[in-house]
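Mind the numbering: the sequence shown is residues 1 to 245 in UniProt numbering, read in order. Glycine is no exception: its CB is placed at the ideal position from the N, C-alpha and C atoms. In this text, all values refer to a predicted model and were calculated from it rather than measured experimentally. Take a look at the structure set out below.
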Amino acid sequence: MDQKLYDQVEPKAEFLIQALPYIRDFSDKIVVIEYGCRKYLSPIDEQTLMKDIALLKTVGMRPVVVHDTPMGADKFRENKRIAKLIELCGVKAIGICGMDLDTLHMALDNDFIPVIVPNDIDNEYELIDPKDASLEVAVGLKADKLVYLSSHRGIWKDVERTKVYPRLTVDEVHQLLDEGKVTEGVISRVERGFRAVEQGVNRVHLVDGRIPHALILEFFSKAGVGTIIIKEKDILYPHELELDE
């Protein structure tokens, strides 16, 4: 093999090898994704994100997408548009209006990725925050993960904002909040993260959805690209404990 070509593909092979324990441990786990970064993405960036969501499904995870709607857009058309984008990536997706758990379970059991607009025909004009909706869905489905995709990277380690904490317990985040070290933009998601973890969701991820392949890097690499909030460290898999070594 040409050395230049080898140098290009070798890191990709190494990443796949590193991802193996994560793929194994997260197989068949439900992951609820709040797609809250839509307005920051170009059409190409959005399609890349949809491919990543399709990849999660392909490697055995069970993604569920909850989205917001741009100002002035039709909620239900936007819902169908996002579902179609995911289907173009070679997996089954279905747009769902409202948060009926029986409907969501039926979609998952039939191998679909549910794409949820929180409103249904009875509350079409009600303002429902997707952050709240994704929390409700994650708790109701007993999801392993709740991911908040936004324009915020996570919880910063330093005032220069060069590094984020890769993982924090609820108690550690409370301490950072008390010290005023959590930026305003992520506080609302952190608060919902607390509620999710207290109600049985194992991991809440705060991730900047503008980062290319953010979901893949967050789920399948040691340090990730955002911040994970957990209740206690005893829920961690052995390979995740390497961060503490």
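Residues near residue i by beta carbon distance below 6 angstroms, same chain, minus five either side
i, result
"V64", "V32 and P114"
"V201", "A138, A143 and L146"
"I211", "V225"
"L108", "R62"
"V185", "For the sequence presented, residue 185 should be read as Gly rather than Val. Cβ neighbours of G185 beyond the five flanking positions: H152."
"Y35", "V65, H67 and L149"
"P21", "H239"
"A19", "F220"
"D120", "C97 and G98"
"I192", "Reading the sequence as shown, one finds Arg at residue 192 and not Ile. So the list reads K131 and L135, once near-sequence residues are dropped."
"K75", "T69, V117 and N119"
Chain C contact for residue i (CB, 8 angstroms cutoff)
i, result
"S27", "Structure shown: chain C not included; a single protein chain is present."
Burial state of residue i, where buried means 16 or more other Cβ atoms lie within 10 Å
i, result
"D52", "buried"
"D68", "buried"
"S134", "buried"
"R24", "exposed"
"I159", "In the sequence as displayed, the identity of residue 159 is Val instead of Ile. V159 is exposed by the Cβ-count criterion."
"F15", "exposed"
"P130", "buried"
"R38", "buried"
"A196", "buried"
"E126", "exposed"
"I30", "buried"
Cutoff 7 angstroms; reference residue i; Cβ partners in own chain excluding five residues on either side
i, result
"V164", "R153, G154, I155, W156, K157, G226 and T227"
"F112", "K92, A93 and I94"
"G140", "L101"
"L55", "I216"
"A83", "A93, I94, G95 and V115"
"L168", "I155, T227 and I229"
"I128", "P118 and N119"
"K233", "T169"
Own chain residues within Cβ distance below 8 angstroms of residue i, not counting five before or after
i, result
"E78", "H67, T69, P70 and V117"
"L177", "I187 and V190"
"G60", "I23, F26, S27 and D28"
"T48", "P212 and H213"
"M50", "I82, L85, I86, L88 and C89"
"D45", "R210 and P212"
"Y40", "S151, G209 and R210"
Residues that DSSP places opposite residue i in a beta bridge
i, result
"I82", "None; I82 has no bridge partner."
"I216", "In the DSSP output, where bridge partners are listed per residue, I216 has none listed."
"I228", "R167 and H205"
Can you give, in chain order, each stretch of the alpha helix (DSSP H) that sits fully within the UniProt domain "Aspartate/glutamate/uridylate kinase" (100 to 208) and has at least 4 residues?
101 to 109, 130 to 140, 170 to 178 and 184 to 198
Can we say the stretch 74 to 90 touches the stretch 233 to 241, given the rule of at least three CB pairs closer than 8 angstroms?
no
Return the chain-ordered ranges of every alpha helix (DSSP H) run that is complete within the stretch 13 to 98 and spans a minimum of 4 residues.
43 to 58 and 75 to 87
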